[in-house]
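Engineer:
Residue numbers (my numbering): 619 to 946.
#1: Pick out whichever of 767, 797, 736 and 739 has its Cα sitting closest to the Cα of residue 578.
#2: Using only the alpha-carbon positions, how far apart do residue 705 and residue 913 sit?
#3: Looking at C-beta atoms only, is the number of pairs between the segment 771-787 and the segment 744-760 that lie closer than 8 Å three or more?
#4: For the segment 758-771 and the segment 852-869, state whether three or more C-beta atom pairs, one from each stretch, are separated by less than 8 Å.
#5: Take the Cβ of residue 930 as the centre, count every other Cβ of all protein chains shown within 10 Å, and call the residue buried at 16 or more, exposed below.
#6: Work out the CA separation of residue 670 and residue 661 for me, nearest whole Å.
#7: Could you tell me how far apart the beta carbons of residue 719 and residue 820 are, in whole angstroms, since I believe they sit closer than 8 Å?
#8: Tell me the rounded alpha-carbon separation between residue 928 and residue 934.
#9: Is residue 873 helix, strand or coil by DSSP?
#10: Cα-Cα, which of 924, 911 and 827 is closest to residue 937?
#11: Please state if the CB of residue 708 and the CB of residue 725 are separated by a distance shorter than 8 Å.
#12: Going by alpha carbons, who is nearest to residue 738 out of 831, 751 and 696?
#13: Helix, strand or coil: how does DSSP classify residue 753 here?
#14: Got a sec: does the ligand HEM put a non-hydrogen atom nearer than 7 Å to the Cβ of residue 887?
#15: Is the beta carbon of residue 884 sitting closer than 8 Å to the one on residue 925?
#16: Using a 10 Å radius around the Cβ and a threshold of 16 neighbouring Cβ atoms, would you call residue 855 buried or exposed?
#17: How would you call residue 877, buried or exposed, if buried means at least 16 neighbouring beta carbons within 10 angstroms?
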């Protein structure tokens, strides 16, 4: 019983980002290189600085054509707000020392760092937070700036206005991923405490939470109740429990001594390339479809180049034959 208590104290101690302590508007002006009057003017007119759009997801290989097409709403900031958000990210958020269990969107960390938390675990549980960015309210973001990062009320209020839109965290802003990590850090202490006590490894990749260890299943109700208490929800359809006898994957990567790409994933990319080859894609979807396959190949190449090289070569040849320039 002594060792779990040490783990618990260790988790709580190292999981606290160093606060920014921006207590004056003059200091904020200097950090962002922008006068406070300009910042306030931009924050006061959010509708003028966003271009919301609905992004239609390209059809997946193997999907039935009759299935309903999927969409996601993006809140895309425009200059001058976009430039201010870039400065907030570069000068305030990018170099924060976030705890190791927060992996997604953190400088210097990759999906392999997330997978490494769970290599060779007997049981892996993955939990997806439903509508994560839209569910993060301006109050959640203010709490991060004011309580977690120790900014003054005036500074925290202004930074909240500059990094939220219509009362929520905008999906598409350069500041949003880091702020979402800090929101998760601000609410998940009950999860970290129980995980430490039970010897369960816990990590996150933006809105994907992963738990691994012999007692990982026991954390599911703790995760659900913790999220519910903070007014977030578990996406029940994406909850996965992978025990012995099942392929245990984290972020689409098989966790093991040497991370690998599932065969069905490689088959799906191969099928996508075939659809491009035989022109089985709507012309209006083609560019987005190609970009999706490029992104998937780059992502999985960082995991295991040997398993993806042949598909990268195949895509390059396909694009060359069609007179396109490949950037895979």
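A virtual CB, placed ideally from N, CA and C, is assigned to each residue, including glycine.
Structural biologist: Reading from the atomic positions:
#1: The structure shown does not extend to residue 578, since the chain spans only 619 to 946, so no value can be given for it.
#2: 26 Å
#3: A contact exists between the segment 771-787 and the segment 744-760.
#4: no
#5: buried
#6: When rounded, the distance between both Cα atoms is 17 Å.
#7: 6 Å
#8: 10 Å
#9: It is coil, neither helix nor strand.
#10: Ranking 924, 911 and 827 by Cα distance to residue 937 puts 911 first.
#11: no
#12: 831
#13: helix
#14: In terms of ligand content, the structure shown is empty, and the ligand HEM therefore cannot be addressed.
#15: yes
#16: exposed
#17: With 16 or more other Cβ atoms within 10 Å, it is buried.
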